[in-house]
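This report refers to the structure that appears directly beneath it.
Residue numbers (my numbering): 2 to 461.
Spelled out as structure tokens, the structure:
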């Protein structure tokens with residue numbers, strides 16, 4: 002596909018993209034607090050009602066990968082229009098859902114439409130913004146993700162508590178307001194002809210990823226075996242198809258793979274914190290959903306306000322320097338969180354920004370580092386894989402840390418300043434993973450930076 006020249010994009014494009022991203026991310030998190038009410042209305046068990054979130058996550062991850070692949074062939078304007086219209090239609094339908102089956106249909110359709118947003122919002126800075134400005138744009142995007150993740154549970158709890166959980170669907174309709182501006186602002190592109198999307202390969206990969214996520218969330222050996230089998234069939238298909246869904250040569254790009262590994266490890270820790278901390282606040286401090294939201298919100302707000310600086314730092318000092326500094330700060334924040342868990346709740350609210358703010362820097366630096374080493378014709382599928390790895394990291398992290406929290410291992414928390422708990426020990430273990438990631442970045446991302454520099458020089 003032929004792309005427009007990297008001229009100055011219209012003012013307000015980034016704001017419009019972040020407006021849409023806000024609702025896409027928030028929609029994924031605000032239903033979490035409504036699960037008890039949905040379970041009561043439809044008389045469901047926890048394992049059944051969890052499909053409102055689990056099913057959404059699976060389709061959101063797969064859709065992000067598919068939209069990334071389609072972006073290498075079709076204009077972004079067409080793709081984001083299709084996705085947002087589907088998202089809005091599903092949101093309107095979900096408001097009137099009068100059975101659990103129709104509720105799931107609405108959520109799955111929402112996920113299919115909303116999944117265009119993370120894929121395309123990451124691609125637009127790469128495709129239409131000059132290299133020296135991409136870091137700042139990605140910093141704004143990372144700040145939006147952090148803010149919407151924090152607002153989601155608070156808004157979801159308020160709407161579900163004061164009105165009804167079906168009102169959460171109406172909130173997502175607001176994303177459609179930005180579509181006309183985005184369509185006018187995006188440069189014209191022409192579709193690339195002659196290469197068909199490998200639907201069989203996409204199906205095998207999608208089924209494999211879905212099986213893996215089910216294996217992780219349900220701790221099922223059967224689903225794990227299915228994931229291994231389907232992944233093997235996908236690799237076989239990719240090695241033989243004339244135009245595979247993912248070219249295996251992309252996975253032999255060491256700089257790209259190094260970035261994926263660093264991203265998986267860093268997000269494993271952060272998603273673990275996002276899932277573990279509300280559980281800890283509820284169990285150790287007996288806080289309700291509203292109060293938990295208030296404890297978490299300051300960190301999300303500070304991440305949104307300060308996170309933009311991460312983009313400027315990446316543009317000035319590079320991805321590797323930013324990653325090292327941000328991971329070191331995250332490690333210090335986790336060590337502090339491990340120590341204050343079991344003490345005053347206000348200390349936890351004070352420490353959480355030391356993790357959330359550096360995380361936005363990590364997101365920005367990794368996104369720029371990974372995108373810089375991708376061939377132009379594979380940026381769509383490459384960033385789709387990057388998003389998929391992040392979603393898988395979150396699913397695996399959530400399953401592992403929530404299961405680990407059930408064990409009685411508080412005596413292992415050697416850093417505790419108050420009552421010892423398993424939560425504090427898990428935070429300490431996550432800190433060790435962050436430090437290991439920092440060592441990996443120091444040893445490996447240098448290669449990524451070198452490749453990126455060589456690629457930019459070649460373009461000139």
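Where is the CB? At the ideal position from N, CA and C, for every residue including glycine.
Alpha-carbon spacing of residue i relative to residue j, whole angstroms
| i | j | result |
| --- | --- | --- |
| residue 16 | residue 175 | 14 Å |
| residue 383 | residue 249 | 11 Å |
| residue 357 | residue 300 | 6 Å |
| residue 128 | residue 436 | 33 Å |
| residue 312 | residue 304 | 13 Å |
| residue 183 | residue 270 | 34 Å |
| residue 458 | residue 266 | Legend: pLDDT at residue 458 = 48, less than 50; position of this residue unreliable, no value from coordinates given. |
| residue 387 | residue 261 | 6 Å |
| residue 422 | residue 276 | 16 Å |
| residue 445 | residue 274 | 25 Å |
| residue 396 | residue 124 | 23 Å |
| residue 148 | residue 30 | 12 Å |
| residue 142 | residue 40 | 34 Å |
| residue 449 | residue 315 | Since pLDDT at residue 449 reaches only 45, below the 50 mark, its modelled position is unreliable, and the value read off the structure follows with that caveat. Each residue's Cα considered, the two are about 14 Å apart. |
| residue 1 | residue 375 | Missing from the structure shown is residue 1; the chain here goes from 2 to 461 and no further. |
| residue 58 | residue 393 | 9 Å |
| residue 354 | residue 337 | 11 Å |
| residue 189 | residue 75 | 11 Å |
| residue 235 | residue 197 | 17 Å |
| residue 83 | residue 121 | 12 Å |
| residue 51 | residue 98 | 17 Å |
| residue 322 | residue 42 | 51 Å |
| residue 104 | residue 56 | 11 Å |
| residue 88 | residue 102 | 18 Å |
| residue 405 | residue 44 | 29 Å |
| residue 342 | residue 296 | 13 Å |
| residue 230 | residue 209 | 8 Å |
| residue 100 | residue 90 | 18 Å |
| residue 187 | residue 377 | 18 Å |
| residue 173 | residue 418 | 42 Å |
| residue 280 | residue 424 | 9 Å |
| residue 390 | residue 264 | 8 Å |
| residue 334 | residue 352 | 6 Å |
| residue 255 | residue 177 | 39 Å |
| residue 213 | residue 225 | 6 Å |
| residue 408 | residue 285 | 14 Å |
| residue 119 | residue 86 | 16 Å |
| residue 317 | residue 133 | 9 Å |
Cβ separation of residue i and residue j, assumed to be a contact under 8 Å, to the nearest whole Å
| i | j | result |
| --- | --- | --- |
| residue 63 | residue 228 | Not really, about 13 Å apart at Cβ, beyond 8 Å. |
| residue 166 | residue 373 | That belief does not hold up - the Cβ atoms of residue 166 and residue 373 are roughly 42 Å apart, past 8 Å. |
| residue 325 | residue 439 | 6 Å |
| residue 339 | residue 432 | 7 Å |
| residue 160 | residue 257 | Actually they do not touch by this definition, with Cβ atoms about 41 Å apart. |
| residue 298 | residue 155 | 6 Å |
| residue 53 | residue 108 | 6 Å |
| residue 139 | residue 368 | 5 Å |
| residue 92 | residue 170 | 5 Å |
| residue 32 | residue 157 | 6 Å |
| residue 379 | residue 252 | That pair is no contact at about 11 Å. |
| residue 72 | residue 381 | 4 Å |
Buried versus exposed, by CB contacts within 10 Å (16 or more), residue i
| i | result |
| --- | --- |
| residue 443 | exposed |
| residue 245 | buried |
| residue 179 | buried |
| residue 191 | exposed |
| residue 21 | buried |
| residue 69 | buried |
| residue 415 | exposed |
| residue 429 | buried |
| residue 144 | buried |
| residue 359 | buried |
| residue 18 | buried |
| residue 181 | exposed |
| residue 243 | exposed |
| residue 222 | exposed |
| residue 14 | buried |
| residue 237 | exposed |
| residue 46 | exposed |
Next on the checklist: For the pair the stretch 64-79 and the stretch 21-37, tell me if three or more CB-CB distances fall below 8 Å.
Outcome noted: no
Item to check | the stretch 213-231 / the stretch 394-405 touching (three or more Cβ pairs under 8 Å) | outcome: yes
Checklist entry - Does the stretch 116-130 come within contact of the stretch 199-207, defined as at least 3 CB pairs closer than 8 Å? => result no
Checklist entry - Is there contact here, the stretch 325-336 with the stretch 352-368, by at least three beta-carbon pairs under 8 Å? => result yes
Item to check | Stretch pair the stretch 49-69 + the stretch 108-127: three plus CB contacts closer than 8 Å | outcome: yes
Item to check | the stretch 288-299 / the stretch 343-356 touching (three or more Cβ pairs under 8 Å) | outcome: yes
Checklist entry - If you scan the stretch 72-117 from start to end, which runs of the alpha helix (DSSP H) of 4 or more residues do you find wholly inside it? => result 77-96, 101-115
Item to check | Segments assigned alpha helix (DSSP H), at least 4 residues, entirely inside the stretch 158-240 | outcome: 168-173, 180-186, 200-219
Next on the checklist: To test your reading of the DSSP string, which unbroken alpha helix (DSSP H) runs of 4 or more residues are found completely within the stretch 337-409?
Outcome noted: 346-352, 354-373, 380-405
Checklist entry - Mind pulling the beta strand (DSSP E) runs of 3 or more residues that sit fully within the stretch 275-316? => result none
Item to check | Unbroken stretches of the alpha helix (DSSP H), 4 residues or longer, contained in the stretch 27-60 | outcome: 36-43, 47-50
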